[in-house]
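See structure below.
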Amino acid sequence: MNYTLCNETVVVIDFETSGMSPEQGDRVIEIGAVLIRHGKVADSFQTLVNPGFLVSREIEMVTGINNRMLNEAPSAAAVMGDLAHFIGTHPLVAHNASFDQKFLESEFALTGKKRPFNFGCTLKIARRIYPDLPNYKLETLVKLKGLAGNGQFHRALADAEMTAALWLRIISDLGQRYGFTDIPFETLNKLGKTPYPQVDQFLQKTAEELKSAPPDTTGSLF
DNA sequence: TGCCAGGCCCTCTTTAGGGCCTT
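Position 188, counted from 1, in the first sequence is what numbering that gives the first Met the number 0 calls 187; the numbers after and before it change by one each time, with no gaps.
Shown next, in the form of structure tokens:
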């Protein structure tokens, strides 16, 4: 598989949380993130996070993370600085990114460190370039695309690693399909927002434009 | 007792409703 099409450094992130909504008081209970540089996983970040209250039995069952584990974990305030350092100024990637983005922004806001994040979404892109799959759950995509994994789901680092593998597979497939020699993050971000009937036209046009312009390989949007 | 997410996307749509995806 040709991963060298991805010259831009990105951070793939996944959160396990106490529920679905930070607006309802839910908090992050585990952070997993991997840094992709030159098409390879170059670094990783993982920590449990004590939410300051007992999580439900349902969350314990879904994630395998129990309250005893969380009781011994550091608080969000203690780990968000390390996460910010790991992210740096790189763009972010997640599966169903709106979910992880709202929790990331909420946790940063609670520590008084508001900042914008630029997210790419593997769910949105997969729906556009793999239109005939039965569903677009991360687990389904990993299995149908034959991506490497340890068989574990709903743990933050494992999910981040599989999302990273999916991100790289998407880049590889687009390279083969449209002849990209490099695919900037921003192109993939725009692809995730392109109306379905216009996806093929967008990619063909973008591929032609990139062929006539040298790629920016600075590795960051900022 | 009844409430308990939100954004995206499709369709039997647009003066709406419901499924999907994340935990």
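Yeah, the Cβ is synthetic: ideal placement off N, Cα and C, and Gly gets one too. Bear in mind the structure is a predicted one, so any value in this text is a computation, not a measurement.
Can you tell which of F44, L122, D13 has the C-alpha that lies nearest to the C-alpha of L187?
Position 188 of the first sequence, counted from the start, is the residue given in the question as residue 187. When each option's Cα is compared against that of L187, the closest is L122.
Please work out which residues of its chain come closer than 8 Å, Cβ to Cβ, to I64, disregarding the five sequence neighbours upstream and downstream, and give them in chain order.
To locate residue 64, count along the first sequence from 1; it is residue 65. Shown here for I64: same chain residues with a beta carbon closer than 8 Å to its own, the five before and five after excluded, namely E15, I28, E29, L47, V54, I58, R154 in chain order.
Select from D199, E160, G148 the residue whose C-alpha is nearest the C-alpha of A32.
As a first step, residue 32 must be located in the first sequence, where it is residue number 33. With distances taken between Cα atoms, A32 lies closest to E160.
Report the residue from A163, F152, G174, L140 whose alpha carbon sits nearest the alpha carbon of T62.
Numbered from its first residue, the first sequence carries residue 62 at position 63. Comparing Cα-Cα distances from T62 to each of A163, F152, G174, L140, the minimum goes to F152.
Near T110, what residues of its chain come up, given a Cβ to Cβ distance below 6 Å and the 5 sequence neighbours on each side ignored?
In the first sequence, residue 110 corresponds to position 111, counting from 1. Same-chain partners within the cutoff: A76, M79.
Are I124 and D172 touching if we call contact CB-CB under 8 Å?
On the first sequence, position 125 is the one that residue 124 refers to. On the first sequence, position 173 is the one that residue 172 refers to. Contact flag unset, no.
Relative to the alpha-carbon of A157, which residue among D13, L190, Q23, K112 has its alpha-carbon at the smallest distance?
Taking the first residue of the first sequence as 1, we reach residue 157 at position 158. Taking only the C-alpha atoms, the option nearest A157 is D13.
Roughly how many angstroms separate the alpha carbons of G145 and V40, rounded to a whole number?
Counted from its first residue, the first sequence places residue 145 at position 146. Counted from its first residue, the first sequence places residue 40 at position 41. Approximately 18 Å between the Cα atoms of the pair.
Around the C-beta of H84, are 16 or more other C-beta atoms found within 10 angstroms, so that it is buried, or is it exposed?
Counted from its first residue, the first sequence places residue 84 at position 85. By the neighbour-count criterion, in which 16 or more other beta carbons inside 10 Å mark a residue as buried, H84 falls on the exposed side.
Confirm, please, whether the CB-CB distance from N49 to S74 is below 8 Å.
By 1-based counting over the first sequence, the position of residue 74 is 75. By 1-based counting over the first sequence, the position of residue 49 is 50. The answer is yes: Cβ separation under 8 Å.
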